[in-house]
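Protein chains in written order, with the working numbering: chain Z, 677 to 764; chain V, 21 to 196.
Even for Gly, the Cβ is constructed at its ideal location relative to N, Cα and C.
Notes to accompany the following structure.
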Amino acid sequence: MKIFFLCILLIIAVLIGAYLYRVIRGPTIFDRVLGLNGISTKAIILLALIGIVFERMDMFIDISTGYALLNLVGALAVAKYLEQKGLP
Amino acid sequence: MTIAVEIVLLILLLVTAAGAILVKDLMSAILLLGTYSFFLSLVWAWLGAVDVAFVEAVVGAGLATVLFLVTLFGTAPKDSRLRRPPPPIAALFALPLLGILLLYAANDLPEFGDPNSPASSHISPIYLENSFQDSHTPNVVTSVLMDYRSLDTMVETVVIFTAGIACALLLRRKAS
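Printed below as a string of structure tokens:
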């Protein structure tokens, strides 16, 4: 069962590469912000999976909740300042 | 299997760091630095340093991104698509040399999880055995930070509070 979760962890970690391509190559800011959002959703799942692999789910759930909140704060900050300053 | 996960995470980390250096405008560099902090926090969590991972996620990905954004938009001229000059030649040579030096120094570090390393044979057992009787806190890291080093933590808090007040004074909006 642990091997199964490790495989899923590996596959999701490789799939992050697709988002990373959009973050690095993205022509506009919005592509990058969306890519960052996608990466952080995958990071939440990855943290929960690491918790399952280490059998310390209670501790890792806390961190993934913190991740989710921070992701919202970062996206809100970018959106607020793009709204104030206009599109680049 | 576990080494494969580590390699994938480290490759993601390297790609993000290189992208943050090579990308042209500063806004994208800030977003890439946020991504870098996410990956670094994943690496910490994978190595078992849960508290460090949490601090990295809070400070690196959350606070630092917002502070960089506020700074960028507080200092930017009219067009917000800031360009930056290419890195100087000296940095291109000096920084890889510094990296090689650090890798050379890292050779002498004890193995990860080595039970005979100085850190886990001298100090850690004392804290692990005595911290619950001394401070009645189940988390050892918390008891070390808040109990054994409470004065240190208090002065650190004063420093961060002062820095926060200075930032608030610098970044406040004009009344008019």
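Exposed or buried, what is residue i when buried is set at 16 or more other beta-carbons lying within 10 Å of its beta-carbon?
i, result
"residue 170/V", "exposed"
"residue 5/V", "Any property of residue 5/V remains undetermined from this structure, which presents chain V solely from 21 to 196."
"residue 47/V", "buried"
"residue 687/Z", "exposed"
"residue 78/V", "buried"
"residue 708/Z", "buried"
"residue 112/V", "exposed"
"residue 739/Z", "buried"
"residue 680/Z", "exposed"
"residue 75/V", "exposed"
"residue 39/V", "buried"
"residue 706/Z", "exposed"
"residue 685/Z", "buried"
"residue 693/Z", "exposed"
"residue 139/V", "exposed"
"residue 110/V", "exposed"
In whole angstroms, what separates the C-alpha of residue i from that of residue j?
i, j, result
"residue 756/Z", "residue 715/Z", "21 angstroms"
"residue 191/V", "residue 175/V", "24 angstroms"
"residue 730/Z", "residue 42/V", "36 angstroms"
"residue 748/Z", "residue 721/Z", "16 angstroms"
"residue 725/Z", "residue 61/V", "14 angstroms"
"residue 727/Z", "residue 717/Z", "16 angstroms"
"residue 125/V", "residue 193/V", "47 angstroms"
"residue 93/V", "residue 759/Z", "12 angstroms"
"residue 752/Z", "residue 704/Z", "17 angstroms"
"residue 166/V", "residue 156/V", "12 angstroms"
"residue 696/Z", "residue 173/V", "37 angstroms"
"residue 168/V", "residue 180/V", "20 angstroms"
"residue 148/V", "residue 137/V", "16 angstroms"
"residue 45/V", "residue 120/V", "29 angstroms"
"residue 710/Z", "residue 699/Z", "8 angstroms"
"residue 735/Z", "residue 183/V", "31 angstroms"
"residue 732/Z", "residue 25/V", "18 angstroms"
"residue 95/V", "residue 154/V", "50 angstroms"
"residue 162/V", "residue 189/V", "32 angstroms"
"residue 114/V", "residue 122/V", "12 angstroms"
"residue 754/Z", "residue 719/Z", "20 angstroms"
"residue 118/V", "residue 677/Z", "43 angstroms"
"residue 186/V", "residue 146/V", "40 angstroms"
Looking at residue j and residue i, is the spacing between their C-beta atoms short of 9 angstroms?
i, j, result
"residue 37/V", "residue 56/V", "yes"
"residue 199/V", "residue 743/Z", "In the structure as shown, chain V starts at 21 and stops at 196, and residue 199/V therefore has no counterpart that could be examined."
"residue 35/V", "residue 690/Z", "no"
"residue 132/V", "residue 67/V", "yes"
"residue 50/V", "residue 89/V", "yes"
"residue 21/V", "residue 723/Z", "no"
"residue 842/Z", "residue 85/V", "Past the boundaries of the shown model lies residue 842/Z; chain Z is included only from 677 to 764, so the question cannot be answered."
"residue 745/Z", "residue 54/V", "no"
Going by DSSP, what residue range makes up the alpha helix (DSSP H) through residue i?
i, result
"residue 26/V", "22-42"
"residue 698/Z", "678-701"
"residue 708/Z", "705-730"
"residue 71/V", "70-75"
"residue 52/V", "46-67"
"residue 87/V", "84-95"
List in chain order: all unbroken alpha helix (DSSP H) runs of 4+ residues lying wholly within the segment 114-184 of chain V. 144-155, 160-163
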